[in-house]
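Report on one structure; see the data block that follows.
Numbering (full-length UniProt numbering), first residue to last: 1 to 425.
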């Protein structure tokens, strides 16, 4: 092959010397450049046509298409960039075949083409990683591992290594020499890439401890974040708040600071109701016989009152308590019966989760009255349904207070003060 190449070269030089005026070597180099360029162009179209036809017939057939539009476009882009890499390699082979060894022209061609090969190889890797990201985003159930941050880390490392390789080729030195010199620049590198390094470490910890994933409801008041996580990148986490604004949080802040992840609530299938109704203190008292008789008509209280009255009457009879005095014996209170009514109501409620904590409790009285707190869980985590269930429940609670001779506490309003002023006048 070498002999044939030398013969062809000598023949062309002799022909140029006989028929073409000027520098024969210039004419020869020009012919070589045109031949290499023509060969590369023809090869480019052949590769593109064959690759596109292969992809369409085997992977992108409309009958069994499995990639989304973004992944499809990236696949064609990957093929295009890989074809440039292959063309660069063939150009170097062609240059070494037709250009004399040791010439400046051959060295120049090798340097330029090698830089192009490195560039398009790096871009091909980026495109391949983007395809992985597009396929991952398409999955209905995403993994907890922050794949975007990992892919960005790979891109960063690949960019640094590619830059070192490109500079070493320009300098015609071994890449190991440049790598050995990076030790002196380590402090500067750590300062420049502080956020990516911290983000990478934070991403690994978030993944290893299963702390956060795309789609989780995150609440982080320090950064004004309260909404769904839409992206976990190498250096930032994006949260779409409920008011549709976007909050960007440094990834490492999720490790150094505290945040609330509502994923546990979503996965549990129940959402907590923890709300109190404040009872006016002067309405709390014992139930009269007439009130008890009226409350016994309620389906949710009849069994409770019958059982409770039997126990109370037996105990009072055993102790021979003088019931003419209010201080003696046991009696039913309206607020206690109200609490048991609420508990029975929650146990029969079709939208209250019966497998989770269910309590109706009395909290410490304060200036706002006597708090009666409902602590329960709905059997849905949907926000709209949850609010509807909670609102319907407390609508009913407020409406049935008069049946127990109870009133909800209200602070004095302007109208109360005006009525008081009129009465004093």
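No residue lacks a Cβ here, since even glycine has one placed at the ideal position from N, Cα and C.
For residue 407, I'd like the list of residues in its chain whose CB is within less than 8 Å of its CB, leaving aside the five on either flank, ordered along the chain. 279, 280, 283 and 401
Could you pull the DSSP bridge partners for residue 370 from this structure?
279
ask   = Where do the ends of the alpha helix (DSSP H) carrying residue 254 lie?
value = 253 to 256
I'd like the span of the beta strand (DSSP E) that includes residue 359, first residue to last.
359 to 362
Would you kindly check if the distance between the Cβ of residue 316 and the Cβ of residue 285 is under 9 Å? no
Checklist entry - What's the C-alpha gap between residue 426 and residue 225? => result The question about residue 426 has no answer here: the residues shown for the chain are numbered 1 through 425.
Residue from 332, 223 and 370 whose Cα sits closest to the Cα of residue 290
332
Exercise. Give the straight-line distance between the Cα atoms of residue 196 and residue 90, rounded to the nearest whole angstrom.
Key: 37 Å
_Considering only their Cβ atoms, is the gap separating residue 111 from residue 165 smaller than 9 Å?_
no
Exercise for the section: Taking the CB atoms as reference points, tell me whether residue 337 and residue 305 lie closer together than 9 Å. Expected result: yes
Please list the terminal residues of the continuous alpha helix (DSSP H) segment that includes residue 173. It is not in any alpha helix (DSSP H) - residue 173 carries neither H nor E in the DSSP assignment.
Exercise. Kindly identify the DSSP beta-bridge partner or partners of residue 352.
Key: 378
Residue 428 versus residue 403: straight-line alpha-carbon distance, rounded: For residue 428 there is no data in the structure shown, the boundaries of the chain being 1 and 425.
Open item on the list: So for residue 220, helix, strand or coil by DSSP?
Closed with: strand
### Message
Taking a contact to mean a Cβ-Cβ separation below 9 Å, would you say residue 79 touches residue 117 in this structure?
### Response
no
Using the Cα positions of residue 422 and residue 412, report the straight-line distance between them to the nearest angstrom. 15 Å
Practice task
Specify, as a first and last residue, the run of the alpha helix (DSSP H) that residue 310 falls within.
Solution key: 302 to 319
### Message
Once the 5 residues before and after residue 360 are set aside, which same chain residues still bring their CB inside 6 Å of it?
### Response
339, 342, 343 and 374
Exercise. Helix or strand or just coil, what does DSSP make of residue 365?
Worked result: coil
ask   = Three-state secondary structure (DSSP) at residue 328?
value = coil
Assigned secondary structure, residue 209 (DSSP; H/G/I helix, E/B strand, else coil) = coil
message = Tell me the DSSP secondary structure of residue 471 in three-state form.
response = Outside the shown range of the chain, which is 1 to 425, sits residue 471, and nothing can be said about it.
Exercise for review: Figure out for me which residue from 258, 396, 382 and 240 has the closest Cα to the Cα of residue 267.
Suggested key: 382
Looking at C-alpha atoms only, which residue of 222, 257 and 173 is the closest neighbour of residue 247? 222
Residues near residue 229 by beta carbon distance below 6 Å, same chain, minus five either side: 214, 216, 218 and 239
Next on the checklist: I need the straight-line Cα distance from residue 233 to residue 409, nearest angstrom please.
Outcome noted: 50 Å
Q.
Judging by CA-CA distance, which residue of 231, 355, 366 and 171 is the nearest neighbour of residue 133?
A. 231
Open item on the list: So the candidates are 255, 172 and 311; which of them puts its Cα closest to the Cα of residue 205?
Closed with: 255
Just the Cα atoms here: how many angstroms apart are residue 349 and residue 263?
25 Å
Where residue 438 falls: helix, strand or coil (DSSP)
Examination of residue 438 is not possible in this model, given that the chain is present from 1 through 425 alone.
(message) Checking the sheet assignment: what are the DSSP bridge partners for residue 272?
(response) 377
May I ask you to report which of helix, strand or coil DSSP gives residue 260?
strand
So, residue 94 versus residue 36, is the Cβ gap smaller than 9 Å? yes
Around the C-beta of residue 157, are 16 or more other C-beta atoms found within 10 angstroms, so that it is buried, or is it exposed? exposed
Q.
Which residue wins for smallest C-alpha separation from residue 92, given the options 172, 300, 312 and 39?
A. 39
Within the same chain, show all residues whose beta-carbon is closer than 6 Å to that of residue 198, passing over the 5 residues directly before and after it, in chain order.
-> 252
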